[in-house]
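A.B. asks: Read top to bottom, the protein sequences are chains A and B. FYI, in our numbering the residues of the first sequence are 37 to 191. FYI, in our numbering the residues of the second sequence are -17 to 426. Can you read through this structure? Questions will come right after.
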Amino acid sequence: MAALTRLGALSLRLNQRLLQPSVVRAAGISTSKKNKDTVTVTDVITDHGKSKTESSEAASKNWISWGFDHYSQVEDNSTMHMTFFVAVTLCLVTTGFVWSYLPDFRMRDWAQREAFLELRRREALGLPAIDPDLVPLDKIELPDDEELGSREIII
Amino acid sequence: MLKFMIPLVVLIKYSKEWKIVQVGMFFVSFILSLHCYHNFYLFSVGFNLGMDYISYIMIMLSFWVVSLILISSQKVKKLDNFNSMFIMVNIMLLVFLVLTFSSMDYLMFYISFEASLIPTLILILGWGYQPERIQAGIYMLFYTLAFSLPLLVSLLVYYSVSGSLIINLSSSLSGMGYVSKLWYISTVLAFMVKLPMFMFHLWLPKAHVEAPIAGSMILAGVLLKLGGYGLIRVLIMFQENNKEFCWLWVSVSIMGGVYISLVCMRQVDMKSLIAYSSVVHMSLVLCGIVIFSWWGLAGCMILMVGHGLCSSGLFCLANMVYERTGSRSLMVNKGLLTFMPSMGLWWFLLSVSNMASPPSLNLMGEIMLILTMLSWSKLTIFGISLLSFFSASYTLYMYSLSQHGVFYNSLYSCCSGKVNEYLSLFLHWLPLNIMILNSTLVMI
């Protein structure tokens, strides 16, 4: 896990251009006349090459943190991705999927099937649904009055 | 069980890297959640640790809440306020909690139960904000300790009487007159204080208010449930004595719940309000447990999970406001919809879950518990109706006072919600509202 983390952080650090586009089109939109009569539209394509590390700093000058790390944009971004993956994709989505499709959780369906089968068997034989002598009377031992003493009987 | 303990212990090694622990904690929750398929009564057994249905739910909740703590406590990380120590204390707490919930032995349970107080105390004293936290820590520590020493004695006596402290081998004790009554009282009082029941609840608002967000979340999310869980485990031994005394606990809880919800309506401090609302919810849970019917136990499990998520989320929200305005007072933090309208969504969703609106787990838990209490005695309807009504009214009071209206004039800047805050609230709310669709997962 730690190795995966470091790999992810390393790849993001090296590939900082993943976070910003390499070619930025800076197109001016002002079309008002300046000194001349003709209208000039400046259309500059600036290239953020690998040498322009200052502009990458400028791009992250107004960086708003996702909330996971307030000092490093790369750290923040990678933490955000990892946390969301584990928390949402794994814990919520995958777990939700597993939980909703669990086969016969705690044997409830089996128990209901058995109950219906038993009922059918009993109805075929003409027996009542539940035997009134479920617990045979001779097996029940109630305490005598002396044993009970003054204890309250709560049912 | 070791497959969850070992990753936890390994994570202590990485306590300097917040990111790794944060992601790792979620990962272990994921692995734990995949262990839900169990048709046997007891599973993951080993080294006197094992899980059954209730333990599984509680351990899952603990892991989830601690993961959310790591997301919500970004201020500790930002200010570099003893980061690795913070992570270590949180992981230690989680280790003790997992030990508590998975122990198959009463003594192991007791030791971990008490041990979980120490990291909580360290959290409150170390990362709390106000000088009153010393008193709050003392209250929490001594309330819990004083009432749980009789529990230790009763467990040792039980060992000498029955020869074993394994929970699954415990049998109901036959009555021996007033000794068994004393035994019963000394055993359950520890959990009554932890839950907390009305008369022993004083430590809770203090501890919650003074604790940092991590402390509040773990307290509301998991530590209160220790009381409920412990009661379920311990009442196996004392079923007959419990039947003689449950009128006392139900009466005190319900009337206490009504008084506390009225007290809630008078609170000015947001965290204090949420803390008192925890007492109200737990009073319902207590009623469900001591009545000890099937629906009572199922309802209390559901309400424990629901309340853990909901209260924890509300504390997150209160902390977000505190981080921005520097105050927890409702008089300062009003009109927040003007500053953070998106956060208002989460305030709303968690507030309505708090007042047990559909489709939250709280609703299902409260319905089951209300039915349980009514089936036990119809007189409880007076208390329950007042409790439910005031519970809705104080939640509405908190929501409306904090969100609606004109904002406080002295607030000059307020950072809008960060993504990690929204994530934390979403992860609180989604299980709370989705799990009702398959609630057998959280039932006993």
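Where is the CB? At the ideal position from N, CA and C, for every residue including glycine.
Within the same chain, show all residues whose beta-carbon is closer than 7 Å to that of L123(B), passing over the 5 residues directly before and after it, in chain order.
C.D. replies: Counted from its first residue, the second sequence places residue 123(B) at position 141. Counting only Cβ-Cβ distances below 7 Å, and skipping sequence neighbours, we find L99, L103.
A.B. asks: Is A194(A) close to chain B, meaning its C-beta is less than 8 Å from at least one C-beta of that chain?
C.D. replies: One cannot answer for residue 194(A) here, as it falls past the ends of chain A, which runs 37 to 191.
A.B. asks: On the three-state DSSP scale, how would you describe S26(B)?
C.D. replies: The residue labelled residue 26(B) in the question sits at position 44 within the second sequence. It is a strand residue.
A.B. asks: Using the rule of at least 16 other Cβ atoms within 10 Å of the residue's Cβ for burial, across every protein chain shown, is V171(A) buried or exposed?
C.D. replies: As a first step, residue 171(A) is located in the first sequence; it is residue number 135 there, counting from the start. Exposed is the call here.
A.B. asks: Less than 8 Å between the beta carbons of F297(B) and K253(B), yes or no?
C.D. replies: By one-based count along the second sequence, residue 297(B) stands at place 315. By one-based count along the second sequence, residue 253(B) stands at place 271. Yes, Cβ-Cβ distance for F297(B) and K253(B) is below 8 Å.
A.B. asks: Closer than 8 Å by beta-carbon distance: list the chain B residues that pair up with S101(A), in chain order.
C.D. replies: Walking along the first sequence from the start, residue 101(A) turns up at place 65. Under the 8 Å cutoff, chain B gives K400.
A.B. asks: Considering just the uninterrupted stretch of the beta strand (DSSP E) at G317(B), what are its terminal residues?
C.D. replies: Within the second sequence, the letter at position 335 stands for residue 317(B). Element bounds for G317(B): n/a, residue is neither H nor E.
A.B. asks: Tell me whether D112(A) sits in a helix, a strand or coil according to DSSP, three-state version.
C.D. replies: Reading the first sequence from its first residue, position 76 is the one you call residue 112(A). DSSP places D112(A) in helix when its eight states are reduced to three.
A.B. asks: Counting only C-beta atoms, is V245(B) closer than 8 Å to chain A at any point?
C.D. replies: Counted from its first residue, the second sequence places residue 245(B) at position 263. It does not; no Cβ of chain A falls within 8 Å.
A.B. asks: Look at the Cβ atom of P101(B), then the Cβ atom of L75(B), and state whether they are nearer than 8 Å.
C.D. replies: Taking the second sequence and counting its residues from 1, the one referred to as residue 101(B) is at position 119. Taking the second sequence and counting its residues from 1, the one referred to as residue 75(B) is at position 93. Yes, Cβ-Cβ distance for P101(B) and L75(B) is below 8 Å.
A.B. asks: Kindly give me the distance between the Cβ atoms of L285(B) and G347(B), rounded to whole angstroms, as I take these residues to be in contact under 8 Å.
C.D. replies: Against the second sequence, residue 285(B) aligns to sequence position 303. Against the second sequence, residue 347(B) aligns to sequence position 365. At roughly 3 Å, the Cβ-Cβ gap stays under 8 Å, so L285(B) and G347(B) are in contact.
A.B. asks: Are the CB atoms of W102(A) and M118(A) nearer to each other than 8 Å?
C.D. replies: What you label residue 102(A) is simply residue 66 of the first sequence in a count that begins at 1. What you label residue 118(A) is simply residue 82 of the first sequence in a count that begins at 1. Result no, Cβ atoms of W102(A) and M118(A) do not sit closer than 8 Å.
A.B. asks: Of all Cβ atoms in chain B, is any one closer than 8 Å to the Cβ of T67(A)?
C.D. replies: Stepping through the first sequence from its first residue, residue 67(A) is reached at position 31. Chain B contact via Cβ: absent.
A.B. asks: Counting pairs of beta carbons, one from the segment 306 to 318 of chain B and one from the segment 102 to 117 of chain B, are three or more of them closer than 8 Å?
C.D. replies: In short, these stretches do not touch, since the Cβ pair count stays below three.
A.B. asks: Closer than 9 Å between beta carbons: that is the criterion. Which residues of the segment 106 to 123 of chain A meet it against chain B?
C.D. replies: Against chain B - using a Cβ distance shorter than 9 Å - the residues of the segment 106 to 123 of chain A are H106, Y107, E111, S114, T115, M116, M118, T119, F120, F121, V122, A123.
A.B. asks: Less than 8 Å between the CB atoms is what I'm expecting for P464(B) and G110(B), so what's the real figure, rounded?
C.D. replies: This structure does not reach residue 464(B), given that chain B is present from -17 up to 426, and the question cannot be answered.
A.B. asks: Spatial neighbours of I418(B) within its chain, please: C-beta separation below 6 Å, excluding the five flanking residues on both sides.
C.D. replies: Position 436 of the second sequence, counting from 1, holds the residue named residue 418(B). Here the set comprises P341, L343, M346.
A.B. asks: Reducing DSSP to helix, strand and coil, say where M158(B) ends up.
C.D. replies: The sequence position of residue 158(B) within the second sequence is 176, counting from 1. Looking at M158(B) - three-state DSSP - the assignment turns out to be strand.
A.B. asks: In chain order, which continuous runs of the alpha helix (DSSP H) of length 4 or greater are located wholly inside the segment 198 to 241 of chain B?
C.D. replies: Segments of the alpha helix (DSSP H) lying fully in the segment 198 to 241 of chain B: 206 to 216.
A.B. asks: Less than 8 Å between CB atoms is the rule here; does G145(B) satisfy it with respect to chain A?
C.D. replies: Within the second sequence, numbered from 1, the residue matching residue 145(B) stands at position 163. Not one chain A Cβ lies under 8 Å of G145(B).
A.B. asks: For W165(B), which residues of its own chain have a beta-carbon under 6 Å away from its beta-carbon, when the five flanking residues on both sides are left out?
C.D. replies: Numbered from its first residue, the second sequence carries residue 165(B) at position 183. Cβ within range, chain order: S136.
A.B. asks: Given this structure, state the Cα-to-Cα distance separating L299(B) from K59(B), to the nearest angstrom.
C.D. replies: Locating residue 299(B) in the second sequence gives position 317, counting from the first residue. Locating residue 59(B) in the second sequence gives position 77, counting from the first residue. Each residue's Cα considered, the two are about 18 Å apart.
A.B. asks: If we count the other Cβ atoms within 10 Å of its Cβ and call it buried at 16 or more, is C269(B) buried or exposed?
C.D. replies: Sequence index remark: in the second sequence, residue 269(B) carries index 287 (1-based). It counts as buried.
A.B. asks: Within 8 Å of any Cβ in chain B, is that where the Cβ of L138(A) sits?
C.D. replies: Position 102 of the first sequence, counting from 1, holds the residue named residue 138(A). Closer than 8 Å to some Cβ of chain B, the Cβ of L138(A) qualifies, so yes.
A.B. asks: Using CA atoms only, rank isn't needed, just tell me which of M199(B), I363(B), F(-14)(B), V314(B) is closest to N72(B).
C.D. replies: Position 90 of the second sequence holds residue 72(B). Of M199(B), I363(B), F(-14)(B), V314(B), the residue nearest in Cα terms is M199(B).
A.B. asks: Please report whether the beta-carbon of V134(A) lies at a distance below 8 Å from any beta-carbon of chain B.
C.D. replies: As a first step, residue 134(A) is located in the first sequence; it is residue number 98 there, counting from the start. Output row for V134(A): interface = yes.
A.B. asks: From the DSSP output, which residues share a beta bridge with S85(B)?
C.D. replies: One-based indexing of the second sequence puts residue 85(B) at position 103. L31(B), per the DSSP bridge assignment.
A.B. asks: Note down, in chain order, every chain B residue with its Cβ under 7 Å from the Cβ of L128(A).
C.D. replies: Reading the first sequence from its first residue, position 92 is the one you call residue 128(A). Chain B residues near L128(A): L412.
A.B. asks: State buried or exposed for Y125(B), treating a residue as buried only when at least 16 other CB atoms are found within 10 Å of its CB.
C.D. replies: Position 143 of the second sequence, counting from 1, holds the residue named residue 125(B). Y125(B) should be labelled buried.
A.B. asks: Compare the C-beta of F205(A) against all C-beta atoms of chain B and say whether one is closer than 8 Å.
C.D. replies: Here chain A comprises residues numbered 37 to 191, so residue 205(A) is not present and cannot be evaluated.
A.B. asks: Tell me where the alpha helix (DSSP H) around D145(A) begins and ends.
C.D. replies: Counting from one through the first sequence, the residue named residue 145(A) turns up at place 109. D145(A) -> alpha helix (DSSP H) spans 144 to 161.
A.B. asks: Does DSSP put S91(A) in a helix, in a strand, or in coil?
C.D. replies: Mapped onto the first sequence, residue 91(A) falls at position 55. Because S91(A) sits at a pLDDT of 47, beneath the cut-off of 50, its placement in the model cannot be relied upon, and the point is left open.
A.B. asks: For D251(B), which option in N224(B), I214(B), N315(B) has the closest C-alpha, if you only look at C-alpha atoms?
C.D. replies: Numbered from its first residue, the second sequence carries residue 251(B) at position 269. If we check each option's Cα against that of D251(B), N315(B) comes out closest.
A.B. asks: Where T422(B) and L409(B) are concerned, what is the direct C-alpha to C-alpha distance, given to the nearest angstrom?
C.D. replies: The residue given as residue 422(B) occupies position 440 in the second sequence. The residue given as residue 409(B) occupies position 427 in the second sequence. Rounded to the nearest angstrom, the two C-alpha atoms are 20 Å apart.
A.B. asks: Quick test of your reading: G203(B) and L43(B), contact by CB under 8 Å. State the CB separation rounded to the nearest angstrom.
C.D. replies: Here residue 203(B) is taken as the residue at index 221 of the second sequence, counted from 1. Here residue 43(B) is taken as the residue at index 61 of the second sequence, counted from 1. At roughly 7 Å, the Cβ-Cβ gap stays under 8 Å, so G203(B) and L43(B) are in contact.
A.B. asks: Return the bridge partner residues of D251(B) from the DSSP annotation.
C.D. replies: For this step, residue 251(B) is matched to residue 269 along the second sequence. S311(B), per the DSSP bridge assignment.
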